[in-house]
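Residue numbers (the working numbering), protein chains in the order written: chain A, 8 to 338; chain B, -19 to 316.
Using N, Cα and C, we set each Cβ at its ideal position, and we do this for glycine too.
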Amino acid sequence: MTAATGSIGGRNWLRLATLRNMLRDYPLVPLTVLLILLVVVVQLVQPGTVNANWAANNLRQAAVLAIIAGCQALTMLTGGIDLSVAYVASMSGFVTATFVHQPGGWVLGIVVALTAAALAGLVSGIGVGVFRVHPLIMTLGMGLIVYGFSNVWQLRSLQTGAGVPAELHTLGAGLTFGVIPNDLLVFVPVAVVLILLLRRTGYGRMLYAIGDNPTAARLSGVRAWQVLVVLYAISAVLAAIAGLIQSGLSNTASVTLATPYLLPSIAAAVIGGVSIFGGRGGYSGTIVGALILTVLTGFLSIILPEPWRQIVFGSIVVLVAAAYTRVTGES
Amino acid sequence: MSADATTLGGPRSGAADVLVRFARNHAWTLGLFAFLAVLLLFTKYVNSYYNLVSLANTATSVLPLALAAVAQAIIVMAGGIDLSISSQMALVSCFAAILMQAYPGDLTAVGIVILALALGVLLGAINGGLIVLTKVPDIVVTLATFFVWAGFALLVTPKPGGAAADWLKGLVVGSVGTDLLPKALIMLIIVVAAIWIPLSRSRLGLSIYAVGSNRLAAFRSGVAVNRTKFLSYVIGGLVAAFAGLSLTASTGIGTPVPEPTYVLISIAAVVLGGVSLAGGVGGVFGPIVAVVVLQLIRDDMTFMHVDPNLGLVAQGFILIGVLVVGSLVQMRRSRA
């Protein structure tokens, strides 16, 4: 690639237009640079912070955020959004935990949790795809419903008690060979599948088509409603998987466990180069976006008190998004 | 339906014509009122002690949420959305409560209220300014400023505290004359009348609808698109400041942690109230009624001794159900 760009014409590759195209088509490059800069800053401000343990911790946290951000990335590609992810994720971790002392155990719990999530996603998808309800509102309503049912379930399962299964805890918080976080065992396959789905399959291309120009997609024979129904079901199942990991990671099960991830998940997808209007972006950028946000949050929590952390976090999200819009020239 | 309209709309039945046109233009709001009426009957059925005084009390308890819905409605009509509204309310509320504790006195409190409203205008201006200048989508900007305002609220007071002047509390607590006329309701009417009625009749109000329904068409007809959008956030910020002040007035303190459900419920109320999320359609009365409807649903659950959490489920289902019906009606209309 370097040879090709070099042959195009001397220093021309430094032109702003080229930079613009690169940012739009390969957001991974500037994002990775940003991530490396951030790690360097962390190391400079707090010498000795950056080590294998620190990296493992950040990877663990980022994996959960990246999966939830994947829900946003996929739905945002079609011009939608999924606001139910946080409640679906919390529900899945919690439901699994309530099955620990039951016949069937945590395995049955996971099956029930994933089924419930898929069902919720299916309903959201039908609302968005068939009845054309605005995705923001549809998933918002679905989030309320899932949260309400989780609370009801919580009251029902008071007598039986709940506990995070040891297996999930090992998966979420354990290390292989002392450095590799176990949850990567789940995250890496998920990431590979999502990236291949978007880049190599017809389904992935339909997501871009619907987001880019719904009318053109319809006229070319895409049945948008089918695509959307499947999409929101996938999104909910992804969220449920993230919830399982998070409950293992924190060794807690609560119906609000994953709610703090909702807003960062949207921010991660946006920073990762996914356009909220649909049609542009990818999952690899979103993963780096999730890594950046995780490292940033961890770093800010060391050097700043809580109020300033939130202020700086919000300002940085606006700054990065604004820089993005300015350079790629999209509104 | 069109046949009805033509027979009624003959030259001699002018009044009926006006009525039909009114009904058609406000179909959604009328439907919402019908829904509210059914809901009230149901409430009376499950709780025979429910009467007009209880309804007045319900109206009192939803004042902050109703104002938040009005603020959200104005912004959504211009084609935007404000996810930071609950932390704006928290920041204004803490700001006012802490200042009133530090500088007690009825007269200084008046100054503090004016300052708090100015703060709301400033926050709205920052939101709107960032959106217009950076061209970053509204949802991303206000998502980020949600964190910023919440951070500042924690800087103002790390834990719930402060105080409210007695006259401020007196404005929203209790009622005037009979129990049927809670002061909160009067405050709501005054604020909405003072802001929305002049706005909806002004050039700016028309521009808001124009920008919300078709940005490009508005631009080409000479509407200052960016200025309109900016001003919709400024006015939204002002109303959100009233909502924050009503929180301080009704609780007597300022709480720095934004109420997590306010943003979601304000958006839900706006949509239930007939404001299109795409912008350009609706008013502020629908959203206010929708807030009461959403609150009544939860109250009914309590009366029926149902797990109140099922209230959330019911709210979600009603939100979705109403929208599905609305979109079906629209699909049939566009096909016809």
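The residue among B:V214, B:L168, B:P238 with its C-alpha nearest the C-alpha of T40 of chain B is B:L168.
Considered as a whole, the stretch 241 to 284 of chain B harbours 265 to 283 as its complete alpha helix (DSSP H) runs of no fewer than 4 residues, in chain order. Residue pairing by DSSP places G141 of chain B opposite B:G234 in a beta bridge. For R1 of chain B, the enclosing alpha helix (DSSP H) starts and ends at -6 to 5. In this structure, A198 of chain A lies near I294 of chain A, with their beta-carbon atoms less than 8 Å apart. By a beta-carbon distance limit of 8 Å, S97 of chain A does not contact T259 of chain A. Their separation comes to about 10 Å. Cα atoms of G296 of chain B and P288 of chain B: separation of roughly 13 Å, rounded to the nearest angstrom.
For G131 of chain B, a Cβ of chain A is located within less than 8 Å of the residue's own Cβ. Within its own chain, the residues whose Cβ lies closer than 6 Å to the Cβ of G218 of chain A, once the five positions on either side in sequence are excluded, are L84, T85, G86, G285, G286, listed in chain order. Rounded to whole angstroms, V250 of chain B and A49 of chain B show a C-alpha spacing of 6 Å. With fewer than 16 other Cβ atoms from the protein chains shown falling within 10 Å of its own Cβ, K139 of chain B counts as exposed. Selection B:L16, B:R1, B:S307, B:A98 evaluated against V269 of chain B yields B:L16 as nearest (Cα-Cα).
Runs of alpha helix (DSSP H) with 4 or more residues, each lying fully within the stretch 156 to 199 of chain B, are found at 163 to 181, 183 to 193, listed in chain order. Contact residues of the stretch 143 to 176 of chain A toward chain B are L143, I144, M145, L147, G148, M149, L151, I152, Y154, G155, F156, N158, V159, L162 (C-beta to C-beta distance below 7 Å). Listed by position along chain A, the residues whose Cβ is nearer than 7 Å to that of S307 of chain B are F138, R139, V140.
Distance between N206 of chain B and G100 of chain B, taken at the CA atoms: about 20 Å. N60 of chain A counts as exposed, since fewer than 16 other C-beta atoms from the protein chains shown sit within 10 angstroms of its C-beta. Within the same chain, and ignoring the five residues on either side of V234 of chain A in sequence, the residues whose Cβ sits closer than 8 Å to its Cβ are T85, G136, Y210, M213, L214, I217.
Inclusion of G111 of chain A and Y239 of chain A in the CB contact set at 8 Å is not warranted, their separation being larger than that value.
For Q50 of chain A, the closest Cβ of chain B is not nearer than 8 Å. If you draw a straight line from the Cα of Y83 of chain B to the Cα of V90 of chain B, it comes to about 11 Å.
Excluding five sequence positions before and after L66 of chain A, the CB atoms of its chain that fall closer than 7 Å to its own CB belong to P188, L191, given in chain order.
At a cut-off of 8 Å between beta carbons, D287 of chain B contacts chain A. In the three-state reduction of the DSSP assignment, I283 of chain A falls in the coil class, being assigned neither a helical nor a strand state. Among the CB atoms of chain A, one or more fall inside 8 Å of the CB of L110 of chain B. Taking a C-beta distance under 8 Å as the contact criterion, L103 of chain B and Q52 of chain B do not qualify as a contact pair. About 5 Å separates the beta carbon of L201 of chain A from that of Y290 of chain A, a gap short enough to meet the 8 Å contact definition.
A distance below 8 Å separates the beta carbons of L175 of chain A and L251 of chain A. For the 8 Å CB-CB criterion, I88 of chain A and P142 of chain A form a contact. S131 of chain A and G154 of chain B have their C-alpha atoms some 42 Å from each other.
By the rule that beta-carbons nearer than 8 Å mark a contact, L99 of chain B does not touch chain A. Contact of W315 of chain A with chain B is assigned, a C-beta pair being separated by under 8 Å. If the five residues before and after R225 of chain A are omitted, its C-beta is found closer than 8 Å to the C-beta atoms of A231, all from its own chain and listed in chain order.
Rounded to the nearest angstrom, the Cβ distance from V116 of chain B to T56 of chain A is 31 Å, too far for a contact under 8 Å.
For G141 of chain B, the closest Cβ of chain A is not nearer than 8 Å. Sequence-ordered contacts of the stretch 267 to 301 of chain A with chain B read L270, I273, A274, V277, I283, F284 [C-beta pairs closer than 8 Å].
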